[in-house]
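Q: I have a structure I would like to understand better, so I am pasting it below and will then ask my questions one at a time.
Numbering (the numbering used here), first residue to last: 10 to 81.
Below you can see the structure in the form of structure tokens.
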């Protein structure tokens, strides 16, 4: 899988709130394929948000306890 980086990726994005767990590299806190360095602080989410280059399935964001915020 090709890794995508926030500073060079210009395609579509979908943002998800990190509801219960922080984004920690090397762990299974989010599905594979997130845009590296796209995590941001957010007033409504203690652990911020993270972007993906595709819309996650309902099963994915429910399993990883993410909150769908919509396309960016």
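From the three backbone atoms N, C-alpha and C, an ideal C-beta is built for every residue, glycine too.
Should residue 63 be labelled buried (16 or more other beta-carbon atoms within 10 Å of its own) or exposed?
A: Exposed, since its Cβ has fewer than 16 Cβ neighbours within 10 Å.
Q: Would you list the residues sitting across from residue 23 in a DSSP beta bridge?
A: Paired residues: 61 and 80.
Q: In the DSSP assignment, find the alpha helix (DSSP H) that holds residue 71 and state where it starts and stops.
A: Looking at the DSSP string, the run of the alpha helix (DSSP H) that includes residue 71 is 67 to 72.
Q: Touching or not, the region 63 to 75 and the region 44 to 53, by the rule of three or more beta carbon pairs under 8 Å?
A: Verdict: no, contact absent.
Q: Report the rounded CA-to-CA distance for residue 54 versus residue 15, giving the unit in angstroms.
A: Cα-Cα distance, rounded: 20 Å.
Q: Given residue 43, which residues of its chain have a CB within under 6 Å of its CB, disregarding the five upstream and five downstream residues?
A: Once the five neighbours on either side are set aside, the close Cβ partners of residue 43 are 59 and 61.
Q: Do you know whose CA, among 22, 19 and 30, lies nearest residue 71's CA?
A: Cα-wise, what sits closest to residue 71 is 30.
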